[in-house]
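Only one structure is covered here, and it is reproduced in the block below.
Number of protein chains: 2
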Amino acid sequence: MPRMVGGPLHERVRQEITRRVIENKYKVGEPLPSSAALAEELGVSMITIRRALRDLQSTGLLYPIRGVGTFVRERRRLIRELDFALASVEQAPRLELESHQSTVVTWERIRNSALNRLDAPDEPMVCVRKIISVNGTLAIFDTSYLPLSFNDKLVDELGNKSVREALRNQGTRFRKTRLLIDAAPASEEAQRAFGIPNGYPTLRRLYHLTTGDPSFSVFGIAEIPFDRLAYAVELEILPSGR
Amino acid sequence: MPRMVGGPLHERVRQEITRRVIENKYKVGEPLPSSAALAEELGVSMITIRRALRDLQSTGLLYPIRGVGTFVRERRRLIRELDFALASVEQAPRLELESHQSTVVTWERIRNSALNRLDAPDEPMVCVRKIISVNGTLAIFDTSYLPLSFNDKLVDELGNKSVREALRNQGTRFRKTRLLIDAAPASEEAQRAFGIPNGYPTLRRLYHLTTGDPSFSVFGIAEIPFDRLAYAVELEILPSGR
DNA sequence: GAGTGGTCTAGACCACCCT
DNA sequence: GGGTGGTCTAGACCACTCC
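Protein chains in written order, with my numbering: chain X, 1 to 242; chain H, 1001 to 1242.
The following block contains the structure:
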C-alpha cells in the first residue's frame, strides 16, 4: 500500500517504514508490527518486508531481537575532540566517562593489514584488545600492539586504564602521534562486540604513538560503530587554499 | 561444499568467496562464476548464493553489472592530510589531481540534519553540489552552503574550482575551520553519484568555514565512499594523558 | 537467443522469547 | 503454545548485455 512511486517494491517499503520512524509513528524502544502484519498491511509478501527490514538494520535505523520483534534504534552520537586522547590529564579534565571492559592481552603479530599504512612492523608484539564504553555506551573496539615484554603489573593496569595511561605510569612518554581516520564495514570482531550486522559502517582511528626511543612505538586501531561517535577538529587557517 | 564450520549457510558461502578473492582465485576485473554455477559448485540454492553476493557487495568487495556478471572491486585507498584543504596554495602544492564535475548550484535551506551539529542556520542559502575526482577516481560528493547572492562569475568559478578557491578569488579570506569527521551509510544522493548500494559505508567531513565577518560562514558536507580515501593527521603531544 | 543479475512470490523449518 | 525473527528452498518473471 505504499503509494510511493518508482523503484523496486522493497525500496518503496523501506522508504515507507523510514517515513514512519521519522514521523515517530514507530517509536524508539517499541517494537514495529511483525513482518506478517506489515506484509498484510502493505500488501506485499513477507519476504519483501524482511528484505526492507534487513536493509534498515544494516543502516542502523532498526535492530532485531530474535523471538521478540524489530525495534527502532536510539540515535544520539557523542562528539569528541580528535586530540582528546592527546592533551595531558591535567589540562583536559575528562568530561566523558570512559570504562574499559573485557580486556584481552595476547602475544601476536599485527594481522590487520590496515595498519601497514602506518608502517607497522611484522614482529610479535603484546596485543591488547578491549571494548571501551563512553558515557555508558559501548562505543570503541580498540586493538593496540606494544613492543613490550609481559609484566604483571602492566597487564593489570591495561585492564582498566587506557594504554597510554598504563604506559605513562610505567614512565613512558610519548612524543608524536600519527593518525589515519577512515571508515570501513565492521570487522567480524566488532560485529560480535557490538552486536551489529555484517557491513555496518564504522569509523576507524588507526594510530601510531612514538616515544623518544625509535624502537619503542605503539600501533593500534580503534573501531567505532558509526552511530556512536564523531570526531571534532578545529583548525586555524593559513592564508588561503581550497 | 564450503567445509567451513558453524554459522548460517550464507555466511559460510560468504567466507568461502572472500577466501577465494583473497587468494586471488577470483581476480580484479574478471567476473566471478555465475550465481547458478556457484550454486551448483557449492551445493546450495541460488538464493543463498545471491544473499552472500549481496552482503559482499555492501562491504565493497564485489560489484555487479546487470546482464554481465559480478566482479571483484579494485581496492586502493588514497591518503590525504586532513589539513590538505587548509594550507595555502603556495605552501602545499597540490600533489593530487582534483577535478570538479557535474556541479549543480541551487538556492535552498540546509536539509541535512547532520549539519545541525555545527550550528548551521535555517535560512535559504546558495547550495553547491558537486562530485570531485581525486587522481582520476570519483571520490567525494560535496555539498556546501554559502550565504551569498547569485553572481554569474562566481557560479562560473564554482564549476571547476573548489568553493574555497572560488571565494578566495572574490576576496574572501577564511580564518578558522571547524570539522566533524564521522562515518555513515551512503545517502541516497551518494548512492546515485557513486553507484554504490544502500548501506555502503562512507567517511564524512562536515565543515564550517568562518571568515572575519560573523555573518559570513560556509557550511558543508563531503561524503566519501569508505574505499576511496583516508585522512591522515599528525599531532605533537603535550606531557601525557590517554 | 542465451546468459546474466534483480525482484518477487509461496512455503517450510528452526531458534528464540514470553506467558 | 503461540508469537517473533532467521534461514533455506523452489520457481517465475523481468531488464539487461552480448553474440
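By construction, the Cβ of each residue, glycine as well, lies at the ideal position given by its N, Cα and C atoms.
DSSP-derived helix/strand/coil call for X/V89: Along the first sequence, one-based indexing puts residue 89 of chain X at 89. Below a pLDDT of 50, predicted positions are generally treated as unreliable, and X/V89, at 47, falls in that range; the measurement from the model is reported next regardless. Of the three classes helix, strand and coil, the one that applies to X/V89 here is coil, per DSSP.
X/N198 at chain H interface by Cβ criterion, 8 angstroms: Within the first sequence, the letter at position 198 stands for residue 198 of chain X. Cβ-Cβ to chain H under 8 angstroms: yes for X/N198.
Close beta carbons around H/L1082, own chain, < 6 angstroms, minus the five adjacent residues each side: Translated into positions along the second sequence, residue 1082 of chain H becomes position 82. Closer than 6 angstroms at the Cβ level, and outside the excluded window around H/L1082, lie Y1231 and V1233.
Contact belief for H/Y1145 with H/L1179 at Cβ below 8 angstroms, rounded distance in angstroms: On the second sequence, residue 1145 of chain H is found 145 positions in, with the first residue counted as 1. On the second sequence, residue 1179 of chain H is found 179 positions in, with the first residue counted as 1. No, H/Y1145 and H/L1179 are not in contact; Cβ-Cβ is about 15 angstroms, not under 8 angstroms.
Beta carbon proximity, H/T1059 to chain X, threshold 8 angstroms: As a first step, residue 1059 of chain H must be located in the second sequence, where it is residue number 59. Interface residue, yes.
Beta-ladder partner(s) of H/H1100, from DSSP: The residue labelled residue 1100 of chain H in the question sits at position 100 within the second sequence. According to DSSP, which records beta bridges pairwise, H/H1100 is partnered with H/I1132.
Sub-8 angstroms separation of H/L1042 and H/L1053 beta-carbons: Here residue 1042 of chain H refers to the residue found at position 42 of the second sequence. Here residue 1053 of chain H refers to the residue found at position 53 of the second sequence. For H/L1042 and H/L1053, no; Cβs fall outside 8 angstroms.
Cross-chain neighbours of X/E41 in chain H, by beta carbon under 7 angstroms: The sequence position of residue 41 of chain X within the first sequence is 41, counting from 1. Going along chain H, no residue has its Cβ under 7 angstroms from X/E41, so there is no contact; the nearest lies around 22 angstroms.
Own chain residues within Cβ distance below 8 angstroms of H/W1107, not counting five before or after: Here residue 1107 of chain H is taken as the residue at index 107 of the second sequence, counted from 1. Closer than 8 angstroms at the Cβ level, and outside the excluded window around H/W1107, lie P1124, M1125, V1126, C1127 and F1150.
As assigned by DSSP and simplified to three states, the class of X/G241: Counting from 1 along the first sequence, the entry for residue 241 of chain X is found at position 241. Note that X/G241 has pLDDT 41, beneath the 50 cutoff, so the model's placement of it is unreliable and no number is given.
For X/H10 and X/S162, the rounded distance between their alpha carbons: As a working note, residue 162 of chain X is residue 162 in the first sequence. As a working note, residue 10 of chain X is residue 10 in the first sequence. Computed Cα separation, rounded: 45 angstroms.
Endpoints, the alpha helix (DSSP H) within which X/T18 is located: One-based indexing of the first sequence puts residue 18 of chain X at position 18. Its alpha helix (DSSP H) spans residues L9 to I22.
Neighbouring residues, chain X, relative to H/I1181 (Cβ below 9 angstroms): Locating residue 1181 of chain H in the second sequence gives position 181, counting from the first residue. Simply L82, I181, L203, A230, Y231, A232 and V233.
Beta-carbon proximity of X/E236 to H/K1153, cut-off 8 angstroms: Stepping through the first sequence from its first residue, residue 236 of chain X is reached at position 236. Stepping through the second sequence from its first residue, residue 1153 of chain H is reached at position 153. Not closer than 8 angstroms, so no.
Minimum Cβ-Cβ distance from X/A184 to chain H less than 8 angstroms: Counting from 1 along the first sequence, the entry for residue 184 of chain X is found at position 184. Cβ-Cβ to chain H under 8 angstroms: yes for X/A184.
Nonlocal neighbours in the same chain, by C-beta distance under 6 angstroms from H/R1242, ignoring five residues either side: For the purposes of this step, residue 1242 of chain H is taken as residue 242 along the second sequence, with counting starting at 1. Because the pLDDT of H/R1242 is 40, which lies under 50, any placement of that residue in the model is unreliable, and the number read from its coordinates should be weighed accordingly. Here the set comprises nothing.
Counted within 10 angstroms of its Cβ, other Cβ atoms place H/G1171 as buried (16 or more) or exposed: Position 171 of the second sequence, counted from the first residue, corresponds to residue 1171 of chain H. Exposed.
Of the residues H/A1222, H/F1174 and H/E1157, the one placed nearest H/A1166, counting alpha carbons only: By 1-based counting over the second sequence, the position of residue 1166 of chain H is 166. Closest option to H/A1166, Cα to Cα, is H/E1157.
Same chain, Cβ closer than 6 angstroms to X/E90, neighbours up to 5 away in sequence not counted: Within the first sequence, numbered from 1, the residue matching residue 90 of chain X stands at position 90. Only weak support exists for where X/E90 lies, its pLDDT of 46 falling under 50; the coordinates are left without a value.
Chain H contact residues for X/G226, given Cβ-Cβ distances below 8 angstroms: Reading the first sequence from its first residue, position 226 is the one you call residue 226 of chain X. First, the residue type needs correcting, since residue 226 of chain X is Phe and not Gly in the sequence shown. Under the 8 angstroms cutoff, chain H gives D1182, A1183, A1184, P1185 and P1201.
Exposure label - H/E1030; buried when at least 16 CB within 10 Å: As a working note, residue 1030 of chain H is residue 30 in the second sequence. Flag for H/E1030 reads exposed.
Min CB distance X/I79 to chain H below 8 angstroms: Here the question's residue 79 of chain X lines up with position 79 in the first sequence. So, interface residue.
Close beta carbons around H/A1120, own chain, < 6 angstroms, minus the five adjacent residues each side: In the second sequence, counting from the first residue as 1, residue 1120 of chain H sits at position 120. Closer than 6 angstroms at Cβ, skipping near neighbours: I1110 and F1219.
Cα-Cα separation between X/L148 and H/I1047, rounded to whole angstroms: Taking the first residue of the first sequence as position 1, residue 148 of chain X is located at position 148. Taking the first residue of the second sequence as position 1, residue 1047 of chain H is located at position 47. Taking the straight line from one Cα to the other gives about 49 angstroms.
DSSP beta-bridge partners of H/E1081: Position 81 of the second sequence holds residue 1081 of chain H. Paired residues: H/A1232.
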